[in-house]
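Novice:
In full-length UniProt numbering, the protein residues as written are 1 to 361.
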């Protein structure tokens with residue numbers, strides 16, 4: 001077993017049963033801390049303890065405790081004054097109750113500690129308490145003293161170990177008054193459905209896959225500076241704007257979540273508006289229907305309004321431009337008119353269309 005450094009040695013008081021334990025930190029702080037320096041020469045900035053009345057630095061032996069009253073006056077408190085306070089035994093975790101875990105408000109939970117059995121004699125009572133908590137599906141509420149204060153704790157089972165969470169006292173938790181919005185808001189069923197879809201799309205996550213990206217980027221900056229290199233460039237910020245439409249925000253969120261997880265975009269797919277016809281070109285499908293049962297005469301001309309006389313003089317060309325792909329058009333005519341249409345189209349853009357007059361041959 002890897003050696004772990006304990007921060008406190010004592011015992012769990014379980015009725016008349018005493019379980020020797022060691023208190024071990026269950027968490028680690030990986031945050032990067034900085035020192036204050038003088039920017040001109042990188043000298044460390046130090047704080048000294050100075051008496052404001054005498055304006056001189058004092059030693060630790062000269063420093064005591066005091067309570068600051070509302071008017072700013074100081075009330076000295078000595079170690080002798082504190083020695084008479086009703087505080088639990090300094091090295092005892094006294095279990096006072098066993099309750100279901102849902103009776104503990106998560107807001108009360110604080111620092112976590114592993115309780116390690118203190119030697120071989122503690123193995124059996126330690127295991128007894130652990131199995132009793134497991135079978136009863138409960139947690140133990142306890143009092144203990146740490147760093148000169150009486151504290152509240154919760155003991156629960158994690159794997160084969162007993163963990164103690166420090167708890168805030170109930171009067172230290174603020175009520176959520178004034179936190180919820182005061183405005184009357186109506187949530188539609190469709191909005192709730194989209195919120196449910198977003199929750200389902202995001203799904204679950206293995207917390208082991210999450211990591212502190214900021215700390216990792218900061219470590220890269222520090223490593224580059226230490227090597228005398230330029231810090232890596234920061235990635236471009238994600239494009240985004242203020243979305244005022246809640247439905248649009250939910251739909252976009254569902255789509256983005258599905259795309260990021262490699263899922264097919266189903267309901268969240270953005271589709272083009274229907275009913276918008278494509279620009280009319282030579283050889284359109286609508287012309288096929290219009291000319292299928294009639295002589296090859298065009299309803300609309302592809303040339304400009306100012307050239308009506310030319311269209312009258314050349315009805316064959318005007319007709320052929322709209323009937324190039326018609327099934328009823330003879331093959332020979334289709335070949336000739338397709339070549340003529342391509343040349344006319346390349347020379348001129350299609351101006352405003354005007355109907356041509358129907359002429360007899």
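All C-beta atoms, glycine included, are put in the ideal place defined by N, C-alpha and C.
From this set, 173, 148, 156, 19, which residue's C-alpha is nearest residue 86's C-alpha?
Specialist: 148
Novice: Look at residue 90 and residue 161 and say whether their C-beta atoms are less than 8 Å apart.
Specialist: no
Novice: Can you tell me whether DSSP reads residue 176 as helix, strand or coil?
Specialist: coil
Novice: Report the three-state DSSP secondary structure of residue 9 (helix, strand or coil).
Specialist: strand
Novice: Can you find the residues in the same chain that come closer than 8 Å, C-beta to C-beta, to residue 219, ignoring five residues on each side of it along the sequence?
Specialist: Result list for residue 219: 32, in chain order.
Novice: Would you kindly work out how many angstroms separate the C-alpha atoms of residue 205 and residue 254, rounded to a whole number?
Specialist: 17 Å
Novice: Quick one: give me the first and last residue of the alpha helix (DSSP H) that residue 28 is part of.
Specialist: Per DSSP, residue 28 belongs to no alpha helix (DSSP H) and is neither H nor E.
Novice: How would you label residue 331, buried or exposed, when you count the other beta carbons within 10 angstroms and need 16 or more for buried?
Specialist: At residue 331 the pLDDT is 46, less than 50, meaning the model places this residue with poor confidence; the figure from the coordinates comes in the next sentence. Its Cβ having fewer than 16 others within 10 Å, residue 331 is exposed.
Novice: Roughly how far, in whole angstroms, is the beta-carbon of residue 13 from the beta-carbon of residue 92, given that I think they are within contact range, below 8 Å?
Specialist: 5 Å
Novice: Can you name the start and end residues of the alpha helix (DSSP H) that residue 201 belongs to?
Specialist: 189–202
Novice: Does the beta-carbon distance from residue 19 to residue 107 come in below 8 Å?
Specialist: no
Novice: Where does residue 120 sit, in a helix, a strand or coil, going by DSSP?
Specialist: helix
Novice: Could you tell me the alpha carbon to alpha carbon distance between residue 103 and residue 158, rounded to whole angstroms?
Specialist: C-alpha separation (whole angstroms): 18 Å.
Novice: Compare the beta carbon distance of residue 26 and residue 126 with 8 Å and say whether it is the shorter of the two.
Specialist: no
Novice: Going straight from the alpha carbon of residue 71 to that of residue 47, what length do you get?
Specialist: 27 Å
Novice: Using three-state DSSP, classify residue 235 as helix, strand or coil.
Specialist: It is coil, neither helix nor strand.
Novice: Quick check: the Cα distance between residue 53 and residue 61, rounded to an integer number of angstroms?
Specialist: 17 Å
Novice: What span of residues does the alpha helix (DSSP H) with residue 254 cover, start to end?
Specialist: 246–260
Novice: So what does DSSP say about residue 145, is it helix, strand or coil?
Specialist: strand
Novice: Who are the Cβ neighbours of residue 136 in its own chain at under 8 Å, not counting the five residues just before and after it?
Specialist: 98.
Novice: Taking its Cβ as the centre, do 16 or more other Cβ atoms sit within 10 Å of residue 21, making it buried, or is it exposed?
Specialist: buried
Novice: Classify residue 40 as helix, strand or coil using the three-state DSSP reduction.
Specialist: coil
Novice: Go ahead and label residue 327 buried or exposed: buried means 16 or more other beta carbons lie within 10 angstroms of its beta carbon, across all protein chains shown.
Specialist: Note on residue 327: pLDDT 44, under 50, position unreliable in the model; no value is reported.
Novice: Please state the DSSP three-state secondary structure of residue 136.
Specialist: In this structure, DSSP gives residue 136 a helical state, which the three-state scheme calls helix.
Novice: Enumerate in chain order the residues of its own chain whose CB-to-CB distance from residue 50 is below 8 Å, with the five nearest sequence positions on each side excluded.
Specialist: 56, 57, 58
Novice: Can the beta-carbon of residue 164 be found less than 8 Å from the beta-carbon of residue 115?
Specialist: yes
Novice: Starting from residue 163, trace the alpha helix (DSSP H) in both directions and tell me its first and last residue.
Specialist: That residue, residue 163, is in no alpha helix (DSSP H); its beta strand (DSSP E) goes 161–167.
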